[in-house]
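Residue numbers (our numbering): 3 to 70. Note that CB positions come from ideal geometry on N, CA and C, so glycine has one too.
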């Protein structure tokens, strides 16, 4: 079981919309914050996105989810 995953994104608003749709089947909560979003799976596992700010964006990341 994962405890949490945090990724940095260049467009936080776009990422939030994408992950809201991706996590919709899991009925996750997405509490708001200014520079980050966290999707709580309800079992103590968080998937978080945060702004890259002034840093260069991440160029490669692979995360896979399986929903039953």
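Put residue i into one of helix, strand or coil per three-state DSSP.
| i | result |
| --- | --- |
| residue 22 | helix |
| residue 53 | strand |
Give me the Cα-Cα distance between residue i and residue j, rounded to the nearest whole angstrom.
| i | j | result |
| --- | --- | --- |
| residue 17 | residue 47 | 19 Å |
| residue 8 | residue 39 | 10 Å |
| residue 2 | residue 27 | Any answer about residue 2 is impossible in this case: the structure gives the chain only from 3 up to 70. |
| residue 58 | residue 15 | 17 Å |
| residue 10 | residue 53 | 5 Å |
Is it buried or exposed for residue i, if we count other Cβ within 10 angstroms and need 16 for buried?
| i | result |
| --- | --- |
| residue 49 | buried |
| residue 20 | exposed |
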